[in-house]
């Protein structure tokens, strides 16, 4: 059964801004589903509607078979969220944050202490547990917020820009945690601006542009749709890049010809696989051009 | 019981940062007592004592209004409300928890003020309980006003400034620190529109500092209860757990 089902969903804010238009998709159990889009495209609006934080104005959205407005109470028992631009309380420690949320969510004191230690250790925060958040770096603060989202063992986790402000190691820790959750059958719906993050994590992704779903599929589907293929970069060894030649071979024979020429002429050949970023730019590029026109 | 537990821990979440900042606690303790200090210096202990009663009532009113900042910051700054919306936590627990946090944060100041007051002017248990009840009604009214401000403000500066201006209008201007009779005749009915005037009049009466007729006592209580009910209705109208 699909965990999330969205059918013709629309959201117009009271001020008249139309943030979502006729959005439809499904997310299966255990899937890591990424929402991509430019700033203001509607990703957070969509995530907030599904997390029962925002009322939709058109269409239908269900989570665990429950409609997000009428069934919100039942949905909330099984989800957790890391909101975008959330901040920790500066005068509370990492331990305070996680333990208090455990207690608010109904755990006993002993369970709360145990669970707090478990998640803080998982994110290498245990050694910082008693420091006030005011004394933690931005990356460590973001990890505290992530720990808060993970305490309740949710079946569906909403992460809105979860790795913003994290260093490369911190980002990899989050990715590892997301993968572990997915292996346990947890469904993860996340928004991100980092294409490498989506590429590493997403089973499927949706690209939203101006409130409309412009793409739905796997990372490979996105690259195929955008027509972004393998690139070969041919250059002189030790060259400064001025004599660089970027080729887009369309067949294996063409790749072979390029490599043979490079060997003959003593040139260096680098294979560059297509990136999601290029695909993303191709897919939303139409609308960028429209705006420019 | 579960809901009370939720509210208690939400209250702790919101108040612990304040309790860990001694300067805020000192500020909360001092702000309503500042006029009492000056009245004591310039007019002597006799004039300062009624002002001390007013200060006790206002201590609770000021902290109640502080809920505006809790509501605003937990919604727009920490996004803690969003975390709780997407959880089994009840909106009533959240609202009660934030209100409770103002009492937790103010508890040292309140304990100190009641001790000073009782040492200065001992009263019977019933009178003391009546003053507590008046103060709590005043607190509740201010909590509801604070909610309306916090719920309708989307600007950090306003979330800070509006409660301060209202504290001034409801606390320092009306006859709370000074006798109602000191106001010019035409201003006295205007002052009676302000709930803190009724709260201070009732508290001073129960401490045996001013006489009030039965009708005035009844009107005072009725006005306070009515004001709280009105503010509660306004809050319920504005309150949103799920954003529209």
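Residue numbers (this note's numbering), protein chains in the order written: chain A, 1293 to 1585; chain B, 35 to 278.
Virtual Cβ for every residue (Gly too), placed ideally from N, Cα, C.
query: Could you give the first and the last residue of the continuous alpha helix (DSSP H) run that contains residue 1543 of chain A?; result: Careful: residue 1543 of chain A lies outside any alpha helix (DSSP H) and carries neither H nor E.
query: Threshold first: 4 residues or longer. Then list the alpha helix (DSSP H) segments lying entirely within the stretch 1375 to 1427 of chain A, N to C.; result: 1386 to 1396 and 1401 to 1414
query: In angstroms, rounded to a whole number, what distance separates the CA positions of residue 1572 of chain A and residue 1311 of chain A?; result: 20 Å
query: With 7 Å as the C-beta to C-beta threshold (strictly closer), list the residues of the stretch 1341 to 1356 of chain A near chain B in chain order.; result: 1343, 1344, 1345, 1346 and 1347
query: Pick helix, strand or coil for residue 1316 of chain A, following the three-state DSSP scheme.; result: strand
query: Enumerate in chain order the residues of its own chain whose CB-to-CB distance from residue 1536 of chain A is below 7 Å, with the five nearest sequence positions on each side excluded.; result: 1525 and 1527
query: Does the stretch 196 to 212 of chain B come close enough to the stretch 90 to 106 of chain B to have 3 or more Cβ pairs within less than 8 Å?; result: yes
query: Compare the C-alpha of residue 1 of chain B against each of B:49, B:152 and B:158 and name the closest.; result: Given that chain B is displayed from residue 35 to residue 278, the structure contains no residue 1 of chain B and the question cannot be resolved.
query: Rounded C-beta distance between residue 1417 of chain A and residue 1393 of chain A? I'm assuming under 8 Å.; result: At roughly 14 Å, the Cβ-Cβ gap does not stay under 8 Å, so residue 1417 of chain A and residue 1393 of chain A are not in contact.
query: Would the stretch 108 to 116 of chain B count as touching the stretch 145 to 157 of chain B if we require 3 or more Cβ pairs under 8 Å?; result: no
query: Assuming contact is defined by CB atoms lying nearer than 8 Å, are residue 1499 of chain A and residue 1373 of chain A in contact in what I supplied?; result: no
query: What would DSSP say about residue 1302 of chain A, mapped onto helix, strand or coil?; result: strand
query: Check whether the stretch 1541 to 1550 of chain A and the stretch 1481 to 1501 of chain A are in contact - that is, three or more C-beta pairs closer than 8 Å.; result: no
query: Alpha carbon to alpha carbon, how far is residue 1328 of chain A from residue 105 of chain B?; result: 31 Å
query: In three-state terms, what does DSSP make of residue 1488 of chain A?; result: helix
query: Of all the CB atoms in chain B, is at least one closer than 8 Å to the CB of residue 1396 of chain A?; result: yes
query: Give a yes or no on whether the minimum CB-CB distance between residue 1399 of chain A and chain B is below 8 Å.; result: no
query: Got a sec, what are the start and stop residues for the beta strand (DSSP E) residue 1496 of chain A sits in?; result: 1496 to 1501
query: Mapping DSSP to helix, strand and coil, what is residue 1560 of chain A?; result: strand
query: Under 7 Å between beta-carbons, which chain B residues line up against residue 1388 of chain A? List them in chain order, please.; result: 50
query: Residue 36 of chain B versus chain A: which residues are under 9 Å apart at the beta carbon?; result: 1398
query: Is it buried or exposed for residue 1381 of chain A, if we count other Cβ within 10 angstroms and need 16 for buried?; result: buried
query: Let me check understanding here. Comparing Cα to Cα, which of B:235, B:70 and B:46 lies closest to residue 129 of chain B?; result: B:46
query: I need the boundaries of the alpha helix (DSSP H) containing residue 113 of chain B, first residue and last residue.; result: Careful: residue 113 of chain B lies outside any alpha helix (DSSP H) and carries neither H nor E.
query: List the endpoints of the continuous alpha helix (DSSP H) containing residue 39 of chain B.; result: 36 to 53
query: In angstroms, rounded to a whole number, what distance separates the CA positions of residue 126 of chain B and residue 269 of chain B?; result: 12 Å
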